[in-house]
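Residue numbers (our numbering), protein chains in the order written: chain A, 1 to 388; chain B, 1001 to 1286.
Heads up, the thing below is written out as structure tokens.
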């Protein structure tokens, strides 16, 4: 789960990481009211759960107080990569002397958290990682010992020191300040069950101290059982409504652009089914995993969600029964057909637990049955209008 | 032979008094797995499916000589259940539970370092050595004894793939789980399959996200003496979206299917694009 910059900065403040003086506004008038107390000029920043807002025109510096409302009006309601901007952050302008990057993620390969830092701050770290991986400093964090002071300080020395000169008092002070911020970041990472936390850029001010100009936090969804507060922080406007509905029903649904709907049990098999649709010249309309246990009710919800997408021209049901029982799926299909007048053709490939029973149940129904996954996909692609 | 589990496996079921634990304890016992008991703290002394229930793993090990465990408890209790197995020096713990926080898993695996226990999972279907032992939730009918080793990040896709190898049967099928941080990875399984005389060919089922497949490919190139087939799920997955499995996400431009396929090809792994191709391609190799 992603949270907005202003929410991440509230957490930063609670943990003692310095941020600019700033306030969040939900409408242009509110933004105009907040600006004077911060002092002009101000920066107005779109709050949107996607990167690249600067390039999209979602961050603007405003010189005079009477322009704030106009600029805020332009940004609120703006569409950035398909997401609507609902709030802006009105922030004081700070005197920037340098920009660095610092972040923490879990490295899957070493199975440990890793502190990443780069003197090339302000740009997307993925781009730095691709073009000049040597510019990213990485320090593995021992899960038992935590991020140690010397580790964080050494990264700070590398960021702010000069390899050709002896380290001076100013550099050492910055390195220590950096170490403090990095250790606070790790404290947040643990306490809030983050999957990612980053400051980009971490700026050096004219006064010689450091400040988090931006903030990004993603939470580890698996930890939601011990963070009831996340529900209130969630921005549902950034999520596909059908995906939210699916989640509530215990399904995982992701909308895509094609016309062959699919209902599959298991994430791996669901991805493989989508791939095969594409391979036979079709386009998958969605990813849908009905999960381990399947009740007929779940199938009804799954069918309704898929059919809410007007692009869907055929639906493929691919089930390899284990815990999932094929007869439950078949009963669910019939129930869905009764409840909603399904106009698109259905192709079902049901194998594994209780497949025989399922075949009996579907006998005489308009559902086209298929023996293998390949066979089922070919039939569904043909029924959706054929290969492109 | 086979890997990880066989006739010497003496299994306990953590969470045996729960619905899933009881159901699968019975199914594994019926399959022929040597299930020796179960553990639910506070329910010691009870019986489930004719199996004795103990209050702790330590107690179960002392009374039954158990050397492996399978976990069916909710995610919030799963890490404690794994620690308990590691502290009792079991050979293997299989965590079926899904939804374990990633950082919790990091700490469990850090604790396991230098100790005896192999952790498989979490969020995995388990492991089966057909005809010998099933320590997992897979439908038994999809597997039969034979010579193909299968290792996969998925659940049902593993059953699909295994059923495509039925002409040859399987030595062992391992589902390593779809989470970002897991106890047993591809290379752990490849090493064992490579050394297992019963395994004649290996099928590796990967998916988008992370770089485990790439590292497995490098290992195969340098070490593997047996034919390897590789399949990658998620060719059509959009970037930035979590495709069900917590680990199946293309982020920052890495973890894509084409990168993994390229790594497979460079390592001499035969790439398979649909399950139906697995049988014929294995036939060509065996």
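Glycine included, C-beta positions come from ideal geometry on N, C-alpha and C.
Under the three-state DSSP convention, the category residue i falls into
i: residue 186(A); result: helix
i: residue 97(A); result: strand
i: residue 309(A); result: coil
i: residue 49(A); result: coil
i: residue 1001(B); result: coil
i: residue 375(A); result: helix
i: residue 334(A); result: helix
i: residue 370(A); result: coil
i: residue 979(B); result: Residue 979(B) lies beyond the stretch modelled for chain B, which goes from 1001 to 1286, so this question has no answer here.
i: residue 30(A); result: helix
i: residue 115(A); result: strand
i: residue 151(A); result: helix
i: residue 343(A); result: coil
i: residue 1063(B); result: helix
i: residue 351(A); result: strand
i: residue 237(A); result: helix
i: residue 387(A); result: coil
i: residue 1056(B); result: coil
i: residue 321(A); result: strand
Host alpha helix (DSSP H) of residue i (start-end)
i: residue 1080(B); result: 1075 to 1087
i: residue 73(A); result: 68 to 75
i: residue 1221(B); result: 1212 to 1223
i: residue 136(A); result: Looking at the DSSP string, residue 136(A) is not in any alpha helix (DSSP H); the run it does join, the beta strand (DSSP E), is 136 to 140.
i: residue 1243(B); result: No alpha helix (DSSP H) contains residue 1243(B), which DSSP labels as neither H nor E.
i: residue 81(A); result: It is not in any alpha helix (DSSP H) - residue 81(A) carries neither H nor E in the DSSP assignment.
i: residue 246(A); result: 241 to 248
i: residue 361(A); result: 355 to 362
i: residue 1207(B); result: Careful: residue 1207(B) lies outside any alpha helix (DSSP H), inside the beta strand (DSSP E) at 1201 to 1207.
Cβ pair residue i, residue j closer than 8 Å
i: residue 199(A); j: residue 102(A); result: yes
i: residue 1150(B); j: residue 1127(B); result: no
i: residue 264(A); j: residue 318(A); result: yes
i: residue 1259(B); j: residue 1214(B); result: yes
i: residue 1155(B); j: residue 206(A); result: no
i: residue 1091(B); j: residue 1113(B); result: no
i: residue 321(A); j: residue 355(A); result: yes
i: residue 1201(B); j: residue 1147(B); result: yes
i: residue 80(A); j: residue 53(A); result: yes
i: residue 1024(B); j: residue 1054(B); result: no
i: residue 174(A); j: residue 147(A); result: no
i: residue 1060(B); j: residue 1066(B); result: yes
i: residue 1207(B); j: residue 1234(B); result: yes
i: residue 1062(B); j: residue 1022(B); result: no
i: residue 358(A); j: residue 350(A); result: yes
i: residue 392(A); j: residue 5(A); result: Outside the displayed span of chain A (1 to 388) sits residue 392(A), for which this structure offers no information.
i: residue 315(A); j: residue 245(A); result: no
i: residue 273(A); j: residue 255(A); result: no
Cβ-based burial, residue i [other Cβ within 10 Å; buried from 16]
i: residue 87(A); result: buried
i: residue 226(A); result: exposed
i: residue 298(A); result: buried
i: residue 150(A); result: exposed
i: residue 1034(B); result: buried
i: residue 113(A); result: buried
i: residue 195(A); result: buried
i: residue 1001(B); result: exposed
i: residue 1157(B); result: buried
Endpoints, the beta strand (DSSP E) within which residue i is located
i: residue 7(A); result: Per DSSP, residue 7(A) belongs to no beta strand (DSSP E); it is in the alpha helix (DSSP H), 5 to 14.
i: residue 1140(B); result: Looking at the DSSP string, residue 1140(B) is not in any beta strand (DSSP E), and its letter there is neither H nor E.
i: residue 287(A); result: 286 to 289
i: residue 195(A); result: 194 to 205
i: residue 23(A); result: 22 to 25
i: residue 253(A); result: 252 to 255
i: residue 217(A); result: 216 to 219
i: residue 62(A); result: 59 to 62
i: residue 1118(B); result: 1118 to 1120
ask   = Closer than 7 Å, Cβ to any Cβ of chain B: which residues of the region 350 to 361 of chain A, in chain order?
value = Those residues of the region 350 to 361 of chain A that come within reach of chain B (Cβ to Cβ, closer than 7 Å) are 352, 353.
task = Could you please tell me which residues of the region 222 to 236 of chain A, in chain order, have their CB closer than 9 Å to any CB of chain B?
result = Within the region 222 to 236 of chain A, the qualifying residues are 222, 223, 224, 225, 226.
query = At a Cβ cut of 7 Å, what residues of the region 1095 to 1125 of chain B count as close to chain A, listed as they run along the chain?
reply = Cβ contacts with chain A come from 1099, 1100, 1101, 1102, 1103, 1106, 1107, 1109, 1110.
query = the region 1135 to 1161 of chain B: which residues have C-beta closer than 8 Å to a C-beta of chain A, in chain order?
reply = Residues passing the 8 Å Cβ filter: 1137, 1138, 1139, 1141, 1142, 1152, 1153, 1154, 1155, 1156, 1157, 1158, 1159, 1160.
Members of the region 271 to 290 of chain A near chain B, C-beta cut-off 8 Å = Taking 8 Å as the Cβ-Cβ cut-off against chain B, the residues of the region 271 to 290 of chain A that qualify are 271, 272, 274, 275, 276, 277, 278, 279, 284, 287, 289.
ask   = If you measure beta-carbon to beta-carbon, which residues of the region 361 to 385 of chain A are closer than 7 Å to chain B?
value = Residues of the region 361 to 385 of chain A whose Cβ lies closer than 7 Å to any Cβ of chain B, in chain order: 372, 373, 374.
task = Quick one: which residues of the region 1206 to 1237 of chain B get their C-beta closer than 9 Å to a C-beta of chain A? List them in chain order.
result = Of all residues in the region 1206 to 1237 of chain B, the ones placed with a Cβ closer than 9 Å to any Cβ belonging to chain A are 1207, 1208, 1209, 1210, 1211, 1212, 1215, 1231, 1232, 1233, 1234, 1235, 1236, 1237, in chain order.
request  = With 7 Å as the limit, tell me which residues of the region 1172 to 1191 of chain B have their beta carbon closer than that to any beta carbon of chain A; keep them in chain order.
outcome  = The region 1172 to 1191 of chain B vs chain A, Cβ under 7 Å: 1178, 1180, 1181.
task = Check each residue of the region 182 to 200 of chain A: if its Cβ is closer than 7 Å to any Cβ of chain B, include it; give the result in chain order.
result = Answer in chain order: 190, 193, 195.
message = Any C-beta of chain A within less than 9 Å: which residues of the region 1028 to 1053 of chain B qualify?
response = Here the close residues number zero.
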